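Note that numbering that gives the first Met the number 0 numbers the sequence shown so that position 292 is 291, with each residue one more than the last.
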Amino acid sequence: MDRQDAYDDPETPFIPTFRAKPRLTKGRKPSLRTICAALAGISLLSFGFLLLKPLSYLDIHDAPSYSAVFNSQSYVQGPPTQRFRDNLRNNTKYITSWTSAGWTNDVMTYGNLIYLALITERIPIIAKFLSSHIDSSAPPFAFGDVIDVPRLSQAIGIPLLEWHEVKDSESQVLDDLGCWSVWESVEKYKQEPRPRESPTIDRLKLDISWTRTPDWVKLTPPGMEDDHASFWSLATLGFPQARSDSLGLPNRPSPQHQVSLPPDDQLLCFDFLYFIGAQRPWEWEWDYSPAWRFVGQYMRWNTSIERLADAHARRAMNVPVDEPTPPYISIHVRHGDFRDQCRGIPLDQCFASLSIIARRVSEVQEELRTQKGIEVTQVIMTSDEPDPEWWSEVRALGWTWVDYATERTVEVYGNWHPVFIDAIIQSNGAGFVGTRGSTMSNLALRRVQSWHNGPTRIVQWGWPGADDH
């Protein structure tokens, strides 16, 4: 059974239904070097305060507010400018990259970017999420409208910027920029490897001249056909010695202005940072993952969108208005494109049956009962399965789901929101059951474990008896 190709992340729910010492005009901010030195202590203190408190069971409506410890305006010259470089502070170094792998994978990509910012002592500049795997007509969605940026910034101890704070979103000025192409290096096993493209680059009006990264950035042995690069190998390119030693590598002129530029030193940029690891590929699946431990677990939801998800979950469970949200077990079943991996095995034998999933739910319920002393009877299903009969069986088990059609979620809030709400509901379960090979399931599992100390299970599939245990 091959691992699901993570270039794609079609997790759309079915609708049945530092080196910086900025000179400020008021006071002086600590350098990113000083901040990073204190990161471990800050992270431990933040972990206890931010992650262990359970939600009334989930105190969404009373979530703590976080002051802008790092006011983003302190790390740019002022309001967004027509040219991005006019808004960068001369004494501050930055880092950026772009996404093109579907929303869940893009969240992980930005987690990798921010972790790389930590170890290079730079300020990350984060672009908006693109809806290429949801609806290409849907507008981009700002990182800070989904993720609580002040809370994240305080937890990890560095400022974060978003591209629309740096460059005017309506600007038509085409900026020249030199960047590193990781993709060309890790995909050398292909006949004509090229830099990884992203529609975001055109939206930001950037004309990029790409320089291939050194071959030694590859995480896995040279003969292995794998696309992962190493965090620390990439980090060295943010410092003078490795950067200088690597400037002679092949360079591609920018497509519009046809200028060849070296990788920018002030704004360190890479084409694609999804396939990055410290010790092994697919590291977000492992509990030691540095990108998860030092960044991902602190990427909590924007309070407004979390409240919206809570309201949807409450209506799905028919919770009276005057009662708190009860604890529930969340499930994520991904079928959709996973059908392609069944390779002739009938789908009813390839995918885990609902009875198998119910066994996993029972295990989670028992663990909650014995370890936390709580009886959890509410179960919320999230899935991309389109078969109405399958959903009827879900209902027969006494489980529920968000009926986005009845809620008119897309009409009222837009095409992004069913995906966001599913992810939030998954993450706020007292326990969670997911699907092997799905990055959406993996992130939900990590969140439930870290945020709520909840029991989790991953259902195996691919052949008859795959989840026997």
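From the three backbone atoms N, C-alpha and C, an ideal C-beta is built for every residue, glycine too. Quick caveat: nothing in here was measured; it's all calculated off a predicted structure.
Quiz prompt | Any beta strand (DSSP E) of 3 or more consecutive residues that is wholly inside the segment 270-332 | solution = 327-332
Exercise. Would you decide whether D270 is buried or exposed? Buried here means 16 or more other CB atoms lie within 10 Å of its CB.
Key: Buried is the call here.
Practice problem: Quick one: measure Cβ to Cβ for S168 and I207, integer angstroms, because I've assumed they're closer than 8 Å. | Solution: That pair is no contact at about 18 Å.
Quiz item: From which residue to which residue does the beta strand (DSSP E) around Q255 run?
Solution: Q255: not part of any beta strand (DSSP E); DSSP gives it neither H nor E.
Quiz item: Under 9 Å between the Cβ atoms of S437 and H311?
Solution: no
Exercise. Please name the residue or residues paired with C341 in a DSSP beta bridge.
Key: In the DSSP output, where bridge partners are listed per residue, C341 has none listed.
Quiz prompt | Contact belief for L272 with N427 at Cβ below 8 Å, rounded distance in angstroms | solution = The Cβ separation is near 27 Å, so there is no contact.
Practice problem: Within the segment 368-395, note down every full beta strand (DSSP E) run reaching 3 residues or more, in order along the chain. | Solution: 377-382
Quiz item: Comparing alpha-carbon positions, which option in A154, D147, W182, G143 lies nearest E164?
Solution: G143
Self-check item: Beta-bridge partners of C178, as assigned by DSSP
Solution: W209
Self-check item: DSSP three-state assignment for R513, whether helix, strand or coil
Solution: This structure cannot settle anything about residue 513, because the visible part of the chain is limited to 0 through 468.
Quiz item: Ordered along the chain, which non-local residues of its own chain (more than five positions away) have a Cβ less than 7 Å from that of R88?
Solution: P21, Y74, V75, Q76
Quiz item: So A315 packs on W400, CB below 8 Å; how close in whole Å?
Solution: 6 Å
Quiz item: If we count Cβ pairs, one from each stretch, closer than 8 Å, do we get three or more for the segment 255-267 versus the segment 170-183?
Solution: Flag = yes, the segment 255-267 and the segment 170-183 touch.
Quiz prompt | Identity of the residue in I275, D226, W398, S184 nearest N250 by Cα | solution = S184
Quiz prompt | DSSP state of G461 mapped onto helix, strand, coil | solution = coil
Quiz prompt | Buried or exposed by the 16-neighbour rule on C-beta atoms within 10 Å, applied to R338 | solution = Flag for R338 reads exposed.
Quiz prompt | Buried or exposed (CB count within 10 angstroms, at least 16 for buried), E282 | solution = buried
Quiz item: So what's I356 in DSSP terms, helix, strand or just coil?
Solution: helix
Practice problem: Can you tell me which of the three DSSP states G335 falls into? | Solution: The answer is helix: DSSP assigns G335 an H, G or I state.
Self-check item: Element boundaries [beta strand (DSSP E), containing V432]
Solution: 430-434
Quiz item: For the alpha helix (DSSP H) that I94 lies in, which residues bound it at each end?
Solution: No alpha helix (DSSP H) holds I94; the beta strand (DSSP E) holding it covers 93-95.
Quiz item: Do the CB positions of S245 and L236 come within less than 9 Å of each other?
Solution: yes
Quiz item: Bridge partners of F469, per DSSP?
Solution: For residue 469 there is no data in the structure shown, the boundaries of the chain being 0 and 468.
Self-check item: Under the three-state DSSP convention, the category F69 falls into
Solution: coil
Exercise. Would you mind stating whether T469 and L129 have Cβ atoms separated by less than 9 Å?
Key: Lying before the first or after the last residue shown, residue 469 is absent from the chain, which here runs from 0 to 468.
Self-check item: Rounded separation between I373 and R435 - CA only
Solution: Rounded to whole angstroms, I373 to R435 spans 27 Å at the Cα level.
Quiz item: For V318, which residues of its own chain have a beta-carbon under 7 Å away from its beta-carbon, when the five flanking residues on both sides are left out?
Solution: T324, P325
Exercise. Would you mind stating whether L367 and I328 have Cβ atoms separated by less than 9 Å?
Key: yes
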